[in-house]
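If you're matching positions, the sequence shown starts at 836 in the numbering used here and goes up one per residue. The beta carbon of each residue, even a glycine, is placed where N, CA and C say it ideally should be.
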Amino acid sequence: MISPTLLVPSLQNQVSAIYKVILSTKKPLLVRVTWCKNQTGQGLILNFGDDDEDDPSTCFKLNTNLRFFRKKKGNKVIEANHSKIEVFWDLSSVKYDAGPEPVNGFYVLVMVDSEISLVLGDIDEETVTRKFKKTTPVAKVSLISRQEHCSVYIDKKTVIRVKRLQWNFRGNQTIFVDGLSVDLMWDVHDWFFKPVTGSAIFMFRTRSGFDSRLWLEEKLLQKDQDRHGFSLLIYACKNT
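In C-alpha coordinates:
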(Lines of atoms letter the chains of each structure in order from A and count residues from 1; the text may use other names and numbers.)
(Lines give C-alpha, C1' and ligand atoms only; values in the text may rest on other atoms or scores of the structure.)
Protein backbone atom coordinates (compact mmCIF):
# COMPACT_ATOMS: atom_id res chain seq x y z
CA MET A 1 0.00 0.00 0.00
CA ILE A 2 1.25 3.46 -0.82
CA SER A 3 1.29 5.72 2.21
CA PRO A 4 -1.16 8.70 2.12
CA THR A 5 1.65 11.25 2.06
CA LEU A 6 2.80 9.80 -1.26
CA LEU A 7 -0.50 9.95 -3.09
CA VAL A 8 0.20 13.37 -4.59
CA PRO A 9 3.78 13.63 -5.88
CA SER A 10 5.20 17.13 -6.25
CA LEU A 11 6.35 18.11 -9.73
CA GLN A 12 9.20 20.56 -9.99
CA ASN A 13 10.07 22.25 -13.26
CA GLN A 14 13.32 24.01 -13.97
CA VAL A 15 15.02 25.77 -16.83
CA SER A 16 18.81 25.95 -17.09
CA ALA A 17 20.90 28.16 -19.33
CA ILE A 18 24.69 28.13 -19.60
CA TYR A 19 26.53 31.35 -20.45
CA LYS A 20 30.19 31.75 -21.36
CA VAL A 21 31.80 34.91 -20.02
CA ILE A 22 35.13 36.21 -21.36
CA LEU A 23 36.72 38.84 -19.11
CA SER A 24 38.99 41.60 -20.38
CA THR A 25 41.92 39.50 -19.14
CA LYS A 26 40.77 36.76 -21.57
CA LYS A 27 39.87 34.57 -18.61
CA PRO A 28 36.80 32.44 -19.42
CA LEU A 29 34.06 31.57 -16.95
CA LEU A 30 30.95 29.44 -17.34
CA VAL A 31 27.81 30.61 -15.55
CA ARG A 32 24.87 28.24 -15.16
CA VAL A 33 21.55 29.99 -14.49
CA THR A 34 18.76 27.76 -13.18
CA TRP A 35 15.20 28.93 -12.59
CA CYS A 36 13.09 26.40 -10.71
CA LYS A 37 9.52 26.10 -9.55
CA ASN A 38 7.91 23.86 -6.94
CA GLN A 39 4.98 23.84 -4.55
CA THR A 40 6.59 26.33 -2.16
CA GLY A 41 7.64 29.00 -4.64
CA GLN A 42 10.08 30.02 -7.35
CA GLY A 43 13.84 29.88 -7.11
CA LEU A 44 17.10 30.93 -8.76
CA ILE A 45 20.49 29.19 -8.63
CA LEU A 46 23.72 30.54 -10.13
CA ASN A 47 26.70 28.20 -10.47
CA PHE A 48 30.12 29.44 -11.54
CA GLY A 49 32.79 27.48 -13.38
CA ASP A 50 33.38 23.86 -12.45
CA ASP A 51 32.76 24.33 -8.74
CA ASP A 52 30.49 21.91 -6.91
CA GLU A 53 26.94 23.06 -7.58
CA ASP A 54 25.88 21.86 -4.12
CA ASP A 55 28.56 23.86 -2.29
CA PRO A 56 26.75 26.86 -0.75
CA SER A 57 29.99 28.84 -0.55
CA THR A 58 30.53 28.85 -4.34
CA CYS A 59 27.01 29.26 -5.68
CA PHE A 60 24.22 31.79 -5.33
CA LYS A 61 20.69 30.72 -4.40
CA LEU A 62 17.40 32.58 -4.01
CA ASN A 63 14.10 31.03 -2.95
CA THR A 64 11.03 33.24 -3.32
CA ASN A 65 8.95 31.23 -0.86
CA LEU A 66 6.53 33.84 0.49
CA ARG A 67 6.95 32.57 4.04
CA PHE A 68 10.75 32.65 4.19
CA PHE A 69 11.77 35.02 1.41
CA ARG A 70 12.27 38.50 2.81
CA LYS A 71 15.12 40.08 0.88
CA LYS A 72 13.69 40.78 -2.56
CA LYS A 73 16.45 43.24 -3.36
CA GLY A 74 20.12 43.16 -2.48
CA ASN A 75 23.60 41.95 -3.30
CA LYS A 76 25.98 39.20 -2.22
CA VAL A 77 29.70 38.55 -2.69
CA ILE A 78 31.14 35.06 -3.11
CA GLU A 79 34.48 33.57 -4.14
CA ALA A 80 34.33 30.99 -6.92
CA ASN A 81 36.66 29.72 -9.61
CA HIS A 82 39.46 31.94 -8.21
CA SER A 83 37.37 35.06 -8.88
CA LYS A 84 35.50 37.58 -6.78
CA ILE A 85 31.85 37.45 -7.83
CA GLU A 86 29.17 39.91 -6.76
CA VAL A 87 25.50 39.31 -7.53
CA PHE A 88 22.95 42.14 -7.50
CA TRP A 89 19.24 41.34 -7.69
CA ASP A 90 15.85 43.02 -7.52
CA LEU A 91 12.77 40.78 -7.50
CA SER A 92 10.49 43.26 -5.75
CA SER A 93 8.13 43.50 -8.76
CA VAL A 94 8.77 40.13 -10.35
CA LYS A 95 5.99 38.49 -12.37
CA TYR A 96 5.80 34.86 -13.46
CA ASP A 97 3.87 33.06 -16.14
CA ALA A 98 3.15 29.33 -16.04
CA GLY A 99 6.82 28.36 -16.15
CA PRO A 100 9.67 28.70 -13.67
CA GLU A 101 11.24 31.73 -15.35
CA PRO A 102 10.07 35.27 -14.53
CA VAL A 103 8.65 37.23 -17.45
CA ASN A 104 9.30 40.79 -16.24
CA GLY A 105 9.68 43.04 -13.22
CA PHE A 106 13.12 41.80 -12.15
CA TYR A 107 16.83 41.94 -12.80
CA VAL A 108 19.90 39.92 -11.86
CA LEU A 109 23.35 41.39 -12.52
CA VAL A 110 26.61 39.51 -12.03
CA MET A 111 30.01 41.19 -11.57
CA VAL A 112 33.14 39.08 -11.95
CA ASP A 113 36.44 40.63 -10.86
CA SER A 114 34.82 44.10 -11.07
CA GLU A 115 33.55 43.55 -14.62
CA ILE A 116 29.87 43.50 -15.60
CA SER A 117 29.57 39.92 -16.79
CA LEU A 118 25.92 38.90 -16.99
CA VAL A 119 22.70 40.92 -16.97
CA LEU A 120 19.28 39.25 -16.84
CA GLY A 121 15.88 40.92 -16.76
CA ASP A 122 14.63 44.47 -17.08
CA ILE A 123 17.51 46.57 -15.77
CA ASP A 124 18.09 49.65 -17.93
CA GLU A 125 21.24 51.58 -18.73
CA GLU A 126 20.33 54.40 -16.34
CA THR A 127 20.10 51.98 -13.41
CA VAL A 128 23.42 50.42 -14.33
CA THR A 129 25.02 53.88 -14.54
CA ARG A 130 23.73 54.75 -11.05
CA LYS A 131 25.20 51.58 -9.60
CA PHE A 132 28.53 51.56 -11.42
CA LYS A 133 30.91 53.98 -13.06
CA LYS A 134 30.59 54.50 -16.79
CA THR A 135 34.14 53.25 -17.12
CA THR A 136 33.30 49.88 -15.56
CA PRO A 137 34.46 47.23 -18.06
CA VAL A 138 31.88 44.94 -19.60
CA ALA A 139 32.82 41.33 -20.30
CA LYS A 140 31.80 39.45 -23.42
CA VAL A 141 28.99 36.97 -22.83
CA SER A 142 27.30 34.38 -25.02
CA LEU A 143 24.56 31.82 -24.47
CA ILE A 144 25.95 28.32 -24.97
CA SER A 145 22.96 26.13 -24.25
CA ARG A 146 19.50 26.13 -22.76
CA GLN A 147 17.87 23.11 -21.17
CA GLU A 148 14.46 22.41 -19.68
CA HIS A 149 14.05 19.68 -17.12
CA CYS A 150 11.25 18.04 -15.19
CA SER A 151 11.72 16.29 -11.86
CA VAL A 152 9.31 14.20 -9.81
CA TYR A 153 9.68 14.27 -6.04
CA ILE A 154 8.04 11.86 -3.61
CA ASP A 155 8.52 12.43 0.11
CA LYS A 156 11.05 15.14 -0.76
CA LYS A 157 13.21 12.62 -2.65
CA THR A 158 13.92 12.79 -6.36
CA VAL A 159 12.56 9.66 -8.03
CA ILE A 160 13.06 10.74 -11.63
CA ARG A 161 14.60 13.64 -13.51
CA VAL A 162 14.03 14.08 -17.23
CA LYS A 163 16.68 16.23 -18.89
CA ARG A 164 16.33 18.01 -22.23
CA LEU A 165 12.57 17.82 -21.92
CA GLN A 166 11.94 19.39 -25.32
CA TRP A 167 13.64 16.37 -26.91
CA ASN A 168 12.30 13.78 -24.47
CA PHE A 169 8.72 15.07 -24.41
CA ARG A 170 7.23 11.56 -24.25
CA GLY A 171 8.48 8.62 -22.25
CA ASN A 172 8.01 6.12 -19.46
CA GLN A 173 10.04 4.82 -16.56
CA THR A 174 9.56 2.51 -13.60
CA ILE A 175 10.00 3.96 -10.12
CA PHE A 176 9.76 2.29 -6.72
CA VAL A 177 7.49 3.58 -3.95
CA ASP A 178 7.12 1.79 -0.60
CA GLY A 179 8.53 -1.35 -2.18
CA LEU A 180 6.09 -1.29 -5.10
CA SER A 181 6.89 -0.93 -8.79
CA VAL A 182 5.11 2.09 -10.25
CA ASP A 183 4.99 2.91 -13.96
CA LEU A 184 5.37 6.62 -14.69
CA MET A 185 4.47 7.89 -18.16
CA TRP A 186 4.61 11.47 -19.38
CA ASP A 187 3.57 13.41 -22.47
CA VAL A 188 4.53 17.09 -22.50
CA HIS A 189 4.62 17.60 -26.28
CA ASP A 190 1.76 20.11 -26.37
CA TRP A 191 3.24 22.05 -23.44
CA PHE A 192 6.15 23.09 -25.64
CA PHE A 193 4.64 23.16 -29.10
CA LYS A 194 1.23 24.73 -28.35
CA PRO A 195 2.13 27.95 -26.53
CA VAL A 196 -1.46 29.06 -25.88
CA THR A 197 -3.40 25.86 -25.20
CA GLY A 198 -0.49 23.62 -24.23
CA SER A 199 -0.96 20.85 -21.69
CA ALA A 200 1.02 18.02 -20.09
CA ILE A 201 -0.04 14.61 -18.83
CA PHE A 202 1.62 12.44 -16.17
CA MET A 203 0.30 8.96 -15.37
CA PHE A 204 1.23 6.74 -12.42
CA ARG A 205 0.09 3.14 -11.94
CA THR A 206 1.31 0.28 -9.76
CA ARG A 207 2.31 -3.03 -11.31
CA SER A 208 1.01 -6.37 -10.11
CA GLY A 209 4.51 -7.80 -9.84
CA PHE A 210 8.18 -6.99 -10.22
CA ASP A 211 8.45 -8.67 -13.61
CA SER A 212 5.14 -7.43 -14.97
CA ARG A 213 4.90 -5.84 -18.38
CA LEU A 214 4.28 -2.13 -18.79
CA TRP A 215 0.79 -1.64 -17.40
CA LEU A 216 -0.81 -0.71 -20.73
CA GLU A 217 0.33 -4.04 -22.19
CA GLU A 218 -0.63 -5.85 -19.01
CA LYS A 219 -4.13 -4.42 -19.12
CA LEU A 220 -4.72 -5.86 -22.58
CA LEU A 221 -3.49 -9.28 -21.49
CA GLN A 222 -5.49 -9.40 -18.25
CA LYS A 223 -8.52 -7.29 -19.06
CA ASP A 224 -10.88 -10.06 -17.97
CA GLN A 225 -9.29 -10.52 -14.55
CA ASP A 226 -10.12 -8.52 -11.44
CA ARG A 227 -7.08 -6.56 -10.30
CA HIS A 228 -6.51 -4.16 -7.43
CA GLY A 229 -4.01 -1.36 -7.66
CA PHE A 230 -3.34 2.34 -7.51
CA SER A 231 -3.41 4.83 -10.36
CA LEU A 232 -3.02 8.60 -10.58
CA LEU A 233 -3.47 10.94 -13.53
CA ILE A 234 -2.10 14.49 -13.42
CA TYR A 235 -3.20 16.90 -16.14
CA ALA A 236 -1.47 20.28 -16.28
CA CYS A 237 -2.50 23.14 -18.53
CA LYS A 238 -1.09 26.60 -19.17
CA ASN A 239 -4.48 28.31 -19.28
CA THR A 240 -7.69 27.43 -17.46
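- Annotated as proximal: Ser1066 and Arg1040, with beta-carbon spacing under 7 Å.
- Taking every protein chain shown into account, the CB of Asn910 has fewer than 16 other CB atoms within 10 angstroms, so this residue is exposed.
- Between Ala1035 and Val1017, the gap from beta carbon to beta carbon reaches 7 Å or more.
- In the DSSP assignment, Phe1027 falls within the unbroken alpha helix (DSSP H) covering His1024 to Phe1028.
- Gln1008 counts as exposed, since fewer than 16 other beta carbons sit within 10 angstroms of its beta carbon.
- By the Cβ test, the segment 924 to 934 is not in contact with the segment 972 to 980, since fewer than three Cβ pairs between them sit closer than 8 Å.
- Beta-bridge annotation (DSSP): Ala852 is paired with Val868 and Arg981.
- Rounded to whole angstroms, the gap between the alpha carbons of Pro863 and Leu1068 is 46 Å.
- Excluding the 5 residues flanking it on each side, Pro937 has same chain C-beta neighbours closer than 6 Å at Val929 and Tyr931, in chain order.
- Counting other Cβ atoms within 10 Å of its Cβ, Val912 stays below 16 and is therefore classed as exposed.
- Just so you know, the alpha carbons of Glu961 and Phe967 end up roughly 10 Å apart.
- Beta-bridge pairing by DSSP links Gly878 to Cys871 and Asn898.
- DSSP places Arg999 in no beta strand (DSSP E); its state is neither H nor E.
- Per DSSP, reduced to three states, the secondary structure at Glu961 is helical.
- Distance from the Cα of Phe1011 is smallest, within the candidate group Gly1033, His984, Asp990 and Leu865, for Asp990.
- In the DSSP annotation of this structure, the continuous segment of the beta strand (DSSP E) that includes Glu914 starts and ends at Lys908 to Ala915.
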